[in-house]
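Single-structure report; data block below.
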Amino acid sequence: MKKLVKILALLLLLLIALVVLTRCDFGPAKSRPDLDLIPAPQMAPESLLKSPVQWPPKNTYAADGINPLPHGEPAQQDATPIAGPMDVSRVLDESEITYTYLGPGHFGAFTSSQYDNGQRILWSNGVNGLYKLDYDTYEIIDHLVSDVAHKYPESWANEMTDKLNKNNGVTAVPTAINAVKALRDLSGVYIVVGSNNWVYIANKDGTIRAYGDAVDGDPNSKIVEKGRYELPRELAGPTVGMNITYDGWIVLPTENGYMIAVNMDLTDSRIIRLTHADTEDTSSQGVGYGWVRNSIAVDEQGGIYVPSRNHMHKVVWTGNDFSIDEKDGAWVARYRNGKGNGSGATPSLMGFGDEDQFVVITDGDDRMNITLFWRNEIPDNWQQLDEAPSRRIAGQAPVTMGELDVQKIQSEQTVVIAGYGALVVNNTPRNAPFFLPEEGRARGILIGPLGNNPEFQPYGVQKFEWDPIDQQLKSAWANEEVSSPNGVPWTSIGSGQVYFIGARDHKWTFEALDWYTGEETFHYVIGGQKYNSQYSGVTLDEKGRPFFGTMYGRTRIEVGGVQPASTQEPLLSE
């Protein structure tokens, strides 16, 4: 027994030494030119007014619901004209929270069109399989069980959350790792619900499958497979997003640089390789760090926007095929990538109608920069910005989180867009235990299962704004006192708020900030680890009720939307 203890102690010492060595840099200090970039100028207070918002056109080939695809709609804005809750800060009563256990990895719940009987359903895909939920009650209508669902029963999930409720400190790291290990079995994170009420899912095995109602038009019938498309063998593997064109083709990128389109009945496809995929190393740098790391945005004119490791790409859908030809409006532009991993953001579109039009990401510097690219033609008189690697970049500003003046910050989320406003949150842990690497999956542990611990949880939300008069990206405000550890925010122009899942005193919360000033409006205390957003975004339904994914299920807050008296003047463009 003593010999075994000595061996274990020796192994522990070797592990600690290995970690310390990997975290030490014995060479010269890494050059950080990103820290020399000039912050965005501050907008004048009188400019922070409620200006009309032009919304992206409705895609009639997507289901007619509030959230038929990730980030709400093809432009990936995470914003809505629907009013959300307005209240005072308080602890929610249990009767105000609806929760349904589904298993790990249910980051999104996607709405169908309304059936003839007035009913809607929610589709959610996760580790335990595909679920069909009643939109109003959150009751499970049917469940297409995955091959690994037996490994993650509700009893296992309750054990994990109970342990993390008792201890979410440094010594809970093994529990936290165990709590998220199921995500390695996840396939088909991104799904789209079409106007035909089919739900489309891309799987690791190289198939794209569609599911729907066993009885057409009956929302309470079983789930059945409606169609299947097998990609060429060389394309089988991780896909990293999904969207739908305005003429009804499902489009998705692979992490090694291919763009795929399939028609809605899954009988035909188009494939193109992205520019530079034949000359750059497109191999993955680890789970979630492929050459393409995140999803895509689509505009009504056929533009498809995807960031690769060093470049932003506009691929054009011509109506019958992909084009990467400049004559068709396609382009490629380099962005800053000092860290080397590329952008972790799903691109989002800013500007519609007669507005200036951009595609927006955060870049790959150690301290990321919010970056705006001209979406279409670059103005003739446009001068390339200092320190910007491409003339197509219209705005480039370091994310400092205001007075926090963070030196390192990266996000795995889309930039939230409404009008000319662009909002980002801090997803970099405040601290990391010495025995954990600072990057990669270890960061996911600290902001995920341990993200409600003030020792680790990141703080800071910052909003930028494009000034169309000065033709310049400016800083609107920063709130350094709130925390959105791991979830994607959602903006409601109807109530003038940005909402997100936060954390206070080891409890998970629902936070509301004034979209125009950044001041806190109110917050709800929801509860313990059961309500950890675990990388999921919050969304408002048609009644303005917030709903979001949790560690092992889906939650809806039963408080509807209220438009504040201060925003009775028109906020939306006609």
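Going by the working numbering, the sequence shown opens with residue 701, and the numbers climb by one from there. Idealized CB from N, CA, C, for every residue including glycine. For clarity, every value in this text was computed on a predicted model and none was experimentally measured.
field: Limits of the unbroken beta strand (DSSP E) element including Trp1166
entry: Taking the sequence shown and counting its residues from 1, the one referred to as residue 1166 is at position 466. Run containing Trp1166: 1161-1167, per the beta strand (DSSP E) assignment.
- request: Check each candidate in Thr1128, Val827, Asn956 and name the one with the smallest Cα separation from Ile971.
  value: Locating residue 971 in the sequence shown gives position 271, where the first residue counts as 1. Ranking Thr1128, Val827, Asn956 by Cα distance to Ile971 puts Asn956 first.
message: For the alpha helix (DSSP H) containing Met959, name the first residue and the last one.
response: By one-based count along the sequence shown, residue 959 stands at place 259. Counting along the chain, Met959 falls outside any alpha helix (DSSP H), though it belongs to the beta strand (DSSP E) covering 958-963.
DSSP state of Pro739 mapped onto helix, strand, coil: Residue 739 sits at position 39 when you count from the first residue of the sequence shown. Coil at Pro739, not helix or strand.
field: Segments of 3+ residues assigned as beta strand (DSSP E) that fall wholly inside the stretch 815-841
entry: Here the runs fully enclosed are 821-826, 829-834.
field: Backbone CA spacing between Gly1187 and Asn1126 [nearest angstrom]
entry: Within the sequence shown, residue 1187 is the residue found at index 487, counting from 1. Within the sequence shown, residue 1126 is the residue found at index 426, counting from 1. For Gly1187 and Asn1126, the distance between alpha carbons rounds to 10 angstroms.
Phe1248 and Val1238 closer than 8 angstroms at C-beta: In the sequence shown, residue 1248 corresponds to position 548, counting from 1. In the sequence shown, residue 1238 corresponds to position 538, counting from 1. Yes, the Cβ-Cβ distance between Phe1248 and Val1238 is below 8 angstroms.
task: Going by CA-CA distance only, name the one from Asp842, Ile766, Ala1033 that's closest to Ser813.
output: Counting from 1 along the sequence shown, the entry for residue 813 is found at position 113. When each option's Cα is compared against that of Ser813, the closest is Ile766.
- request: Kindly indicate which three-state DSSP category Asn878 falls into: helix, strand or coil?
  value: Locating residue 878 in the sequence shown gives position 178, counting from the first residue. DSSP places Asn878 in helix when its eight states are reduced to three.
Contacting residues, own chain, Cβ-Cβ under 8 angstroms from Gly1260 (five flanking each side not counted): Here residue 1260 refers to the residue found at position 560 when the sequence shown is read from its first residue. Cβ within range, chain order: Pro785, Lys1243, Gly1244, Arg1245.
task: Starting from Leu974, follow the beta strand (DSSP E) in both directions and report where the run begins and ends.
output: Your numbering for residue 974 matches position 274 in the sequence shown. Element bounds for Leu974: n/a, residue is neither H nor E.
message: As a quick exercise: from Glu1055, Gln1084, Asn1037, pick the residue whose alpha carbon is nearest that of Ile1061.
response: Locating residue 1061 in the sequence shown gives position 361, where the first residue counts as 1. Here the closest residue by C-alpha is Asn1037.
query: Using CA coordinates, which residue listed in Phe1134, Thr861, Val1059, Gly826 is at the minimum distance from Trp1031?
result: Reading the sequence shown from its first residue, position 331 is the one you call residue 1031. Selected option, being the one with the closest Cα: Val1059.
message: Here's the rule I'm using: 16 or more other beta-carbon atoms within 10 Å means buried, otherwise exposed. How should Leu1271 be labelled?
response: Reading the sequence shown from its first residue, position 571 is the one you call residue 1271. For Leu1271, the predicted model reports a pLDDT of 32, less than 50, meaning its position is unreliable and no value from the coordinates is stated.
- prompt: Measuring CA to CA, which of Met1251, Ile1070, Glu1220 is closest to Trp1208?
  reply: Position 508 of the sequence shown, counted from the first residue, corresponds to residue 1208. Out of Met1251, Ile1070, Glu1220, Met1251 has the C-alpha closest to the C-alpha of Trp1208.
- prompt: Thinking C-alpha only, which one of Leu1123, Asp1054, Asp905 is nearest Gly1218?
  reply: Locating residue 1218 in the sequence shown gives position 518, counting from the first residue. Nearest C-alpha to Gly1218: Leu1123.
message: With a threshold of 8 angstroms between beta carbons, is Val1015 in contact with chain D?
response: Absent from the structure: chain D. Only one protein chain is present.
query: Buried or exposed: where does Arg1256 fall if 16 or more other Cβ atoms within 10 Å of its Cβ makes it buried?
result: In the sequence shown, counting from the first residue as 1, residue 1256 sits at position 556. Burial call: buried.
- prompt: Pick from Arg973, Trp1074, Leu1049: whose alpha carbon is nearest that of Asp1025?
  reply: Translated into positions along the sequence shown, residue 1025 becomes position 325. Checked all of Arg973, Trp1074, Leu1049; the closest Cα to Asp1025 is Arg973.
- prompt: Touch check for the stretch 929-946 and the stretch 954-968: three-plus C-beta pairs under 8 angstroms?
  reply: yes
- prompt: DSSP on Gly1144, reduced to helix/strand/coil?
  reply: Taking the sequence shown and counting its residues from 1, the one referred to as residue 1144 is at position 444. Residue state, collapsed to three classes: helix.
field: Check whether Phe1210 and Ile1226 have beta carbons under 8 angstroms apart
entry: Within the sequence shown, residue 1210 is the residue found at index 510, counting from 1. Within the sequence shown, residue 1226 is the residue found at index 526, counting from 1. Yes.
message: Going by C-alpha to C-alpha distance, which of Gln1110, Gly805, Arg933 sits closest to Gly1160?
response: Along the sequence shown, read from residue 1 onward, the residue named residue 1160 stands at position 460. The shortest C-alpha to C-alpha distance from Gly1160 to any of Gln1110, Gly805, Arg933 is the one to Gln1110.
message: Using the three-state DSSP reduction, which class does Ser969 fall into: helix, strand or coil?
response: Within the sequence shown, the letter at position 269 stands for residue 969. The answer is strand: DSSP assigns Ser969 an E or B state.
- prompt: Lys1039 by DSSP, collapsed to three states: which one?
  reply: Residue numbering aside, residue 1039 sits at position 339 when the sequence shown is read from its first letter. It is coil, neither helix nor strand.
- request: Answer with buried or exposed for Gln742, where buried requires no fewer than 16 other C-beta atoms within 10 angstroms of its C-beta.
  value: Residue mapping note: residue 742 aligns to position 42 of the sequence shown, counting from 1. When all chains shown are included, Gln742 counts as exposed.
query: CB Ser1048 to CB Gln1229, shorter than 8 angstroms?
result: Reading the sequence shown from its first residue, position 348 is the one you call residue 1048. Reading the sequence shown from its first residue, position 529 is the one you call residue 1229. 8 angstroms or more divides the Cβ of Ser1048 from the Cβ of Gln1229.
field: Environment of Gln1171 [buried if 16+ CB atoms lie within 10 Å]
entry: The residue given as residue 1171 occupies position 471 in the sequence shown. By the neighbour-count rule (16 or more Cβ atoms within 10 Å), Gln1171 is not buried but exposed.
- request: Please say whether Val1099 and Lys1070 have beta carbons closer to each other than 8 angstroms?
  value: Residue 1070 sits at position 370 when you count from the first residue of the sequence shown. Residue 1099 sits at position 399 when you count from the first residue of the sequence shown. Contrary to the premise, residue 1070 reads as Ile rather than Lys in this sequence. Result yes, Cβ atoms of Ile1070 and Val1099 sit closer than 8 angstroms.
- prompt: Exposed or buried, what is Glu1134 when buried is set at 16 or more other beta-carbons lying within 10 Å of its beta-carbon?
  reply: Taking the first residue of the sequence shown as 1, we reach residue 1134 at position 434. The sequence as given places Phe at residue 1134; Glu does not occur at that position. Taking all protein chains in view, the Cβ of Phe1134 is surrounded by fewer than 16 other Cβ atoms within 10 Å, so the residue is classified as exposed.
query: Start and end of the beta strand (DSSP E) containing Ser855?
result: By 1-based counting over the sequence shown, the position of residue 855 is 155. Run containing Ser855: none in the beta strand (DSSP E); it sits in the alpha helix (DSSP H), 854-866.
query: Which of helix, strand or coil does DSSP assign to Glu796?
result: Walking along the sequence shown from the start, residue 796 turns up at place 96. Note: Glu796 maps to helix in three-state DSSP.
task: Starting from Leu1284, follow the beta strand (DSSP E) in both directions and report where the run begins and ends.
output: An answer regarding residue 1284 cannot be provided, because it is not within the stretch 701 to 1274 covered by the chain.
Gly1040 versus Glu1258, Asp1021, Gly1064, residue with shortest Cα-Cα distance: As a working note, residue 1040 is residue 340 in the sequence shown. Of the candidates Glu1258, Asp1021, Gly1064, the one whose C-alpha sits nearest the C-alpha of Gly1040 is Gly1064.
field: Host beta strand (DSSP E) of Lys1174 (start-end)
entry: In the sequence shown, the residue the question calls residue 1174 occupies position 474. Unbroken beta strand (DSSP E) run through Lys1174: 1172-1179.
message: Rounded to the nearest angstrom, what separates Asp947 and Gly1002 at their Cα positions?
response: By 1-based counting over the sequence shown, the position of residue 947 is 247. By 1-based counting over the sequence shown, the position of residue 1002 is 302. Taking the straight line from one Cα to the other gives about 9 angstroms.
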